Amino acid sequence: MKKAIAYIRVSKARDGMITQDTQLEKIKQYCKLQDIELVDTYIDLDYSGRSSNRPAFQKLFQNIKRDNLNADYLMVYKLDRFARSVTDFHNYMKVLDKYEVNFVSITQQFDTSTPIGRLIRNILVDFAQFESEMTSERVKDNLLRNAANGQWNGGTTPYGYNLTDEGLEINQEEAEIIKQFYTWYLEPGGSLNQIAQRANKAKIKSSNGKTWAPSRIGEILANPLYCIADKEIIAYFEKQDIEVFNQEAIDGKKALLRYNRRKSKNEIGAVRDKSKWLIAVAEHNGIVSSDLYIKTQRKRDRRANRPSRAGTGVKGLLAYLLKCSDCGRAMTYYSSTKTLADGSKKDYSYYKCRGRNMGEIVCEGQSTKAEYAENLVIARLKELCKKDNLSKEIGNLKDELQESITLLKNKAEEINTKLKEITAEEKNLISKLKKLSSEHLITIIEEEAEELAAKRNKLELELQSIDSQILEHSNELYSEEYLRSQLDLFEENFDTMNFEDQRNLLQSIIKKIIYDKGKIDLEYYF
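According to the UniProt record's numbering, the sequence shown is numbered sequentially starting from 1.
This is the structure we're talking about:
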């Protein structure tokens, strides 16, 4: 006899007449008619279907993933007892499919063990994909609109600034360090390596308390976020076919924001063509003059166009990917040619961490032969291409992504609750304001309203950041087809590709490679 478990949910509103007993009785009747044994019941009382943070629901899926369900069917009274979001429903269905548990909604004739039930499921899956893509476009449009208006879109607070309710505010101590970096770079012999060494020897700490790396210095020197906006910097960017928005906000103090520079994970490479960037006059104030910024960019451009010194050209297959396990820095590719005793020449190439050269001994400076590390990575990817290994890897990572999405959604619910409370307080203040005639009391009420508005803005920024993270994770859940296509491309064509195509393909699959004394750990884009 087939076995089933029941899931019952009753919300705080008690859902009219759909009581716990009603749902259970209907499920029992259905099981009896279908000759199915009901072996267990999971019940959530006073919980909304919009949240996955339901105790019995969580326990149910834990048992499913541990293969402890011992049932052929999961039964509910109606679909909305199980989930209200199409996207959530789709994700739960993927778990049930993986563990071969059929889903039945007894009042809607929805049974995934039947052809019509699977058809309905597939329609919902397609709609979930559509819903995700539409959400993606809405979030992207909002971010672009904010950026074009000079609004900070959230994320990690940049070095040199503090994040307040009003936005980015200059941190005077860090701002002086920013200016010093620009000045050092323009000195004769100034370079990213030299600045990192000087900063570390002077015990200047970065925002996370760690030592400075040349790459981090380079990010600061290149970012127009620090540059005061004026007609000179506008002309500089427009000569590069980069459109500058919100120019009417120029006041001799405000800085710039750069957006749409980095490619999405599904695009080859890391940085978009400059013509696709978006620059806008920002709401926050700048730190360095446009003259200092432009001179710095021109020097960086000259250095970038110089022929590479012997042994330091970026030719390694794992360039930008290989990281040192001791300090987290990128391992630099080196090559050299040596003349042997018989007069013949032999090429040598290796990757080495330059952590020891950053002004203080922060790691042992690991190194490895390039051929050894590259062969390890290629072998690991070829092993991953095997169907069973890939399915298991993607399955595990998708479970982790789903857990992250759940946590983020719970956080978003908390913020929405706070926003509702603020809305109620604002309505209360407006009601009070209408009844007041005293100028003094009116001023007090207006100040309270401004404080509430500041809180609202901060929460909305936080919510927008969470929505972006949820979107990113959700897109990753739907990227299996893309990932499989990239790995198929690797398996079929990698050995015959030219060097640049090989490196670009690796960078589209692998996020980073941690090297630890002869061993490697790969972090993928899924």
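Glycine included, every Cβ here is placed at the ideal spot set by N, Cα and C.
Given the structure is predicted, the values throughout are model-derived calculations rather than measurements.
Contact under 9 Å by Cβ, residue i with residue j
i: residue 60; j: residue 18; result: no
i: residue 242; j: residue 294; result: no
i: residue 44; j: residue 77; result: no
i: residue 335; j: residue 352; result: no
i: residue 196; j: residue 211; result: yes
i: residue 238; j: residue 291; result: no
i: residue 288; j: residue 244; result: no
i: residue 91; j: residue 405; result: yes
i: residue 401; j: residue 522; result: no
i: residue 296; j: residue 185; result: yes
i: residue 429; j: residue 152; result: no
i: residue 369; j: residue 512; result: no
i: residue 510; j: residue 377; result: yes
i: residue 254; j: residue 229; result: yes
i: residue 10; j: residue 29; result: no
i: residue 193; j: residue 298; result: no
i: residue 191; j: residue 329; result: no
Residue i (DSSP reduced to helix, strand or coil)
i: residue 354; result: coil
i: residue 520; result: strand
i: residue 417; result: helix
i: residue 19; result: coil
i: residue 78; result: coil
i: residue 69; result: coil
i: residue 37; result: strand
i: residue 102; result: strand
i: residue 332; result: strand
i: residue 310; result: At residue 310, the pLDDT of 39 sits below 50, so the modelled position is not reliable; the number obtained from the coordinates is stated separately. Coil.
i: residue 44; result: strand
i: residue 322; result: strand
i: residue 386; result: coil
i: residue 56; result: helix
i: residue 558; result: What is shown of the chain runs 1 to 526, which leaves residue 558 out entirely.
i: residue 111; result: strand
i: residue 349; result: strand
i: residue 496; result: helix
i: residue 156; result: coil
i: residue 379; result: helix
i: residue 431; result: helix
i: residue 3; result: strand
i: residue 10; result: strand
i: residue 465; result: helix
i: residue 478; result: For residue 478, the pLDDT reaches just 45, beneath the cut-off of 50, and the residue's location in the model is therefore unreliable, although a value from the coordinates is still provided. In the structure shown, residue 478 sits in coil (DSSP, three-state: anything other than H, G, I, E or B).
i: residue 360; result: With a pLDDT of 49 at residue 360, under the threshold of 50, the predicted position of this residue should be treated as unreliable, though the coordinate-derived value follows. Looking at residue 360 - three-state DSSP - the assignment turns out to be coil, as it is neither helix nor strand.
Residue i versus residue j - alpha carbon distance
i: residue 516; j: residue 46; result: 50 Å
i: residue 104; j: residue 494; result: 45 Å
i: residue 53; j: residue 415; result: 15 Å
i: residue 260; j: residue 249; result: 21 Å
i: residue 385; j: residue 374; result: 17 Å
i: residue 419; j: residue 459; result: 7 Å
i: residue 227; j: residue 371; result: 43 Å
i: residue 48; j: residue 157; result: 35 Å
i: residue 337; j: residue 506; result: 27 Å
i: residue 285; j: residue 453; result: 22 Å
i: residue 301; j: residue 65; result: 53 Å
i: residue 470; j: residue 457; result: 20 Å
i: residue 486; j: residue 408; result: 29 Å
i: residue 177; j: residue 208; result: 15 Å
i: residue 217; j: residue 464; result: 29 Å
i: residue 349; j: residue 316; result: 8 Å
i: residue 403; j: residue 251; result: 46 Å
i: residue 115; j: residue 100; result: 15 Å
i: residue 502; j: residue 319; result: 12 Å
i: residue 492; j: residue 500; result: 17 Å
i: residue 413; j: residue 88; result: 15 Å
i: residue 167; j: residue 225; result: 13 Å
i: residue 257; j: residue 364; result: 38 Å
i: residue 179; j: residue 379; result: 46 Å
i: residue 200; j: residue 327; result: 14 Å
i: residue 311; j: residue 410; result: Note on residue 311: pLDDT 41, under 50, position unreliable in the model; no value is reported.
i: residue 425; j: residue 164; result: 22 Å
Below-9 Å beta-carbon distance, residue i vs any chain B residue
i: residue 187; result: The chain labelled as chain B is not found in the depicted structure, where only one protein chain is given.
| If you scan the UniProt domain "Recombinase" (158-306) from start to end, which runs of the beta strand (DSSP E) of 3 or more residues do you find wholly inside it? | Those beta strand (DSSP E) runs which fall completely within the UniProt domain "Recombinase" (158-306) and span 3+ residues are 161-164, 167-170, 254-259 and 278-285.
| task | Determine contact between the segment 94-114 and the segment 71-80, defined as no fewer than three beta-carbon pairs at a distance below 8 Å. | result | Yes, the segment 94-114 is in contact with the segment 71-80.
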